[in-house]
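Here the protein sequences come in this chain order: A and G. Everything in the first sequence is counted per my numbering, starting at 3 for the first residue and increasing by one. Everything in the second sequence is counted per my numbering, starting at 3 for the first residue and increasing by one. For glycine and all other residues, C-beta sits at the position ideal for the given N, C-alpha and C. One structure below.
2 protein chains.
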Amino acid sequence: MVDAKLDPAPADNAPQTTDAFFKRLGGQAETLPKRLRQFAEFIAANPDRVAVSTVAELADAADVQPSAVMRFCQEMGFSGFSQMQKLFRSDYSQKWPDYATRLAKLREHGAESPSALLAEFVEVGRASLENLMTNVDPAALQQAVDVLSRAETIHLVGFRRAFPVTSYLGYAFEKMGVPAILHPGIANISMTHLIRPNDAVIAVTFTPYSEMTLDIAAKGRDIGADIVAITDVVTSPLARLKAIQLLVAELDVGDFRALSASLSLAITLAVSVGARKNLI
Amino acid sequence: MVDAKLDPAPADNAPQTTDAFFKRLGGQAETLPKRLRQFAEFIAANPDRVAVSTVAELADAADVQPSAVMRFCQEMGFSGFSQMQKLFRSDYSQKWPDYATRLAKLREHGAESPSALLAEFVEVGRASLENLMTNVDPAALQQAVDVLSRAETIHLVGFRRAFPVTSYLGYAFEKMGVPAILHPGIANISMTHLIRPNDAVIAVTFTPYSEMTLDIAAKGRDIGADIVAITDVVTSPLARLKAIQLLVAELDVGDFRALSASLSLAITLAVSVGARKNLI
DNA sequence: ATTAAAATGGAATTTTAATTCCAAAAGTGA
DNA sequence: TCACTTTTGGAATTAAAATTCCATTTTAAT
Numbered sequence: 003m004v005d006a007k008l009d010p011a012p013a014d015n016a017p018q019t020t021d022a023f024f025k026r027l028g029g030q031a032e033t034l035p036k037r038l039r040q041f042a043e044f045i046a047a048n049p050d051r052v053a054v055s056t057v058a059e060l061a062d063a064a065d066v067q068p069s070a071v072m073r074f075c076q077e078m079g080f081s082g083f084s085q086m087q088k089l090f091r092s093d094y095s096q097k098w099p100d101y102a103t104r105l106a107k108l109r110e111h112g113a114e115s116p117s118a119l120l121a122e123f124v125e126v127g128r129a130s131l132e133n134l135m136t137n138v139d140p141a142a143l144q145q146a147v148d149v150l151s152r153a154e155t156i157h158l159v160g161f162r163r164a165f166p167v168t169s170y171l172g173y174a175f176e177k178m179g180v181p182a183i184l185h186p187g188i189a190n191i192s193m194t195h196l197i198r199p200n201d202a203v204i205a206v207t208f209t210p211y212s213e214m215t216l217d218i219a220a221k222g223r224d225i226g227a228d229i230v231a232i233t234d235v236v237t238s239p240l241a242r243l244k245a246i247q248l249l250v251a252e253l254d255v256g257d258f259r260a261l262s263a264s265l266s267l268a269i270t271l272a273v274s275v276g277a278r279k280n281l282i
Numbered sequence: 003m004v005d006a007k008l009d010p011a012p013a014d015n016a017p018q019t020t021d022a023f024f025k026r027l028g029g030q031a032e033t034l035p036k037r038l039r040q041f042a043e044f045i046a047a048n049p050d051r052v053a054v055s056t057v058a059e060l061a062d063a064a065d066v067q068p069s070a071v072m073r074f075c076q077e078m079g080f081s082g083f084s085q086m087q088k089l090f091r092s093d094y095s096q097k098w099p100d101y102a103t104r105l106a107k108l109r110e111h112g113a114e115s116p117s118a119l120l121a122e123f124v125e126v127g128r129a130s131l132e133n134l135m136t137n138v139d140p141a142a143l144q145q146a147v148d149v150l151s152r153a154e155t156i157h158l159v160g161f162r163r164a165f166p167v168t169s170y171l172g173y174a175f176e177k178m179g180v181p182a183i184l185h186p187g188i189a190n191i192s193m194t195h196l197i198r199p200n201d202a203v204i205a206v207t208f209t210p211y212s213e214m215t216l217d218i219a220a221k222g223r224d225i226g227a228d229i230v231a232i233t234d235v236v237t238s239p240l241a242r243l244k245a246i247q248l249l250v251a252e253l254d255v256g257d258f259r260a261l262s263a264s265l266s267l268a269i270t271l272a273v274s275v276g277a278r279k280n281l282i
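Below, the structure written as structure tokens:
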């Protein structure tokens, strides 16, 4: 016996991408019997349901028997529904590919050209921006702008990888004449004594969270200042502070991230505050 | 006693929306035991996976036991994983509208709202990144990496709106152990005397060009150091210095620009240099 | 109208996944 | 250090879903 494959579908003529699937569906739909055609039309109209439904649910929604769904899947070249669903599920997660491992692999395979790396970073940046749009809560953003507009002075806190964000905020506020202090965080001196009750603090930190940022934010909260947090996940320690949270899911490349989304969010905040104060 | 219910929580206090779920998660994450916290962080970072994965898959991905996943779900108020997944699946279909639709939705929150502005910056950022990909000269990029890899010390020069770029480069180089000096540009003190013939200078400036950046770059050239320029157009004064030019056409929103492209280019440079020196 | 082939619905079976349970390990406070 | 509680990992159990099977109906051809 040359080939001792057991289960996993030997001569597989199943579509490998959803694109291929729909192409095949288009060509074959005409020739399918009634119920199968009926289900095909349902799938064409509701492709998003396949990944998150059971056979029974789909059958029900398309007003067809579960066995018809089975036959349909086989007709399309799959071993069964499970295999087809796997395709739709993987296609979904491909929306945000695993860049971390992809880049790790890239690195292993030796010196890739800088242009290739640039392409990766550009792609990551675009994905981050797209993600930002879907995930930012407009209400929280509005609230953040309200709070910052009311503040006497805005304190900008964020170090290391977050420092580009705070320094850009510092530049923007200074340019518009909004009173703001960029906490430098050098020599481990935290200038918390400058924070007053009517001030606001913009704290920016990502995993691994900077102790000093958390510390200054906490002190600010104690003093009575409002806290606006730009961070990565809800489990961030900043959540404790009853801060207004603006979440940015940005991808890491090793220890580096394309800050595109964070900076876009930050500059939006700054310009909105400036506009509110009629400074621009 | 009217109701002697023990554990299995029929009076359902499960979150009804993913928003509520994440809010609860944020509040509760602190108090969870280790493994449950570990899984909480995984979920916070990969919320999209819940809808399309099995308990075993998630457990595996989060490096946790399936039973821990179960306990987590119950801790969050669900009867079990299935109930929690149902919530995520109902959210799933709403994520499908495409980019254009979401952009429109973000905008319709009112022309002057922060969300609308964010939509602008996101779009501008994406356009800038696209532009970057097509306009960067791969040869120049390669040459820049060569030069920087050979340099004894890399000087980072860029102020005001360019400072986020140089400060991020400073962070990245420091992290990788590449000798680099971030010129602070405060109090108009330029530290040109630190530049030595075998060094390289990364000069970042956009219109209107910063005098100090041009000045330091020129001095560096006189001393004999290599100059890598990140700037916006070929007519930039940095061209005179026979610098290796990396052009970034970044778009503005009002007086501010989404630095997405510049930062992506910068981090690419940094990582490429690190890789060349086998530091990552 | 008759018969063979194709298609269908629904129940029976198999497979896979969710959930519970419990013994072992890790903490905690006296 | 020792009893006591909490947490953990993994096997055992239960529930649910996928898949197959087959009797019945429909369709098409003569």
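Does Q144/G come out as helix, strand or coil in the three-state DSSP assignment? helix
Quick one: which chain G residues come within Cβ less than 7 angstroms of G127/A? L131, S262 and S266
Secondary structure at Q300/G, three-state DSSP: helix, strand or coil? Past the boundaries of the shown model lies residue 300/G; chain G is included only from 3 to 282, so the question cannot be answered.
Which residues of the region 164–185 of chain G have a Cβ closer than 8 angstroms to any Cβ of chain A? Give them in chain order. F165, P166, V167, S169, Y170, Y173, A174 and K177
At the 8 angstroms Cβ level, is P140/A part of the contact set with chain G, yes or no? yes
Quick check on H157/G: does DSSP put it in helix, strand or coil? strand
For K221/G, which of D201/G, T237/G, P210/G and D234/G has the nearest alpha-carbon? D201/G
Neighbouring residues, chain G, relative to L120/A (Cβ below 8 angstroms): L134, M135, V138, L143, S266, L267 and T270
With 8 angstroms as the threshold, decide whether the Cβ of S274/G is near any Cβ in chain A. yes
I'd like to know whether the C-beta atoms of L248/G and L143/G end up nearer to each other than 8 angstroms. yes
Between which two residues does the beta strand (DSSP E) holding I183/A run? A182 to L184
Residue range of the beta strand (DSSP E) that includes D228/G: D228 to T233
Min CB distance S117/A to chain G below 8 angstroms: yes
Ends of the alpha helix (DSSP H) at Q40/G? K36 to A47
Let me see if you follow: with CB-CB separation under 8 angstroms, is A47/A close to chain G or not? no
Could you please tell me which residues of the region 66–78 of chain G, in chain order, have their CB closer than 8 angstroms to any CB of chain A? none
When you compare only the Cα positions, how much space is there between H195/A and E132/A? 39 angstroms
Go ahead and pull the three-state DSSP assignment for Q67/A. coil
What does a CB cutoff of less than 6 angstroms around L187/A pick up in its chain, not counting 5 residues either side in sequence? In the sequence as displayed, the identity of residue 187/A is Gly instead of Leu. F161 and M214, listed in sequence order.
Using the DSSP secondary-structure output, state which residues sit across from L248/A in a beta bridge. I232/A
Neighbourhood of A272/G by C-beta distance below 7 angstroms, restricted to the same chain and skipping five residues each side: L171, A174 and F175
Identity of the residue in I197/G, T209/G, F80/G and E125/G nearest R26/G by Cα: F80/G
When DSSP labels each residue in this structure, what does I197/G get in the three-state scheme? coil
Less than 8 angstroms separating the beta-carbons of G276/G and V180/G? yes
Let me confirm a value: V124/G is counted as buried when at least 16 other C-beta atoms fall within 10 Å, else exposed. Which label applies? buried
Please say whether I246/A and V138/A have beta carbons closer to each other than 8 angstroms? no
Check whether chain A comes within 8 angstroms of R152/G, counting only Cβ atoms and requiring the distance to be less than that. no
Which value, in whole angstroms, describes the spacing of the CA atoms of S55/G and A31/G? 22 angstroms
Take the Cβ of Q76/G as the centre, count every other Cβ of all protein chains shown within 10 Å, and call the residue buried at 16 or more, exposed below. buried
Just the chain A side, please: which residues come within less than 7 angstroms of V124/G by C-beta, in chain order? L131, L134, M135 and S266
Does E32/G get closer than 8 angstroms to chain A when you measure Cβ to Cβ? yes
Quick one: does F24/G have its CB under 8 angstroms from some CB of chain A? yes
Partners in chain A for R162/G, counting only beta-carbon separations shorter than 8 angstroms: Y173
Buried or exposed by the 16-neighbour rule on C-beta atoms within 10 Å, applied to D228/G: buried
What residues of chain G sit near T237/A, judged by a beta carbon separation below 7 angstroms? L27, G28, A31, A42, E43 and A46
Beta-carbon spacing of P17/G, L89/G below 8 angstroms: yes
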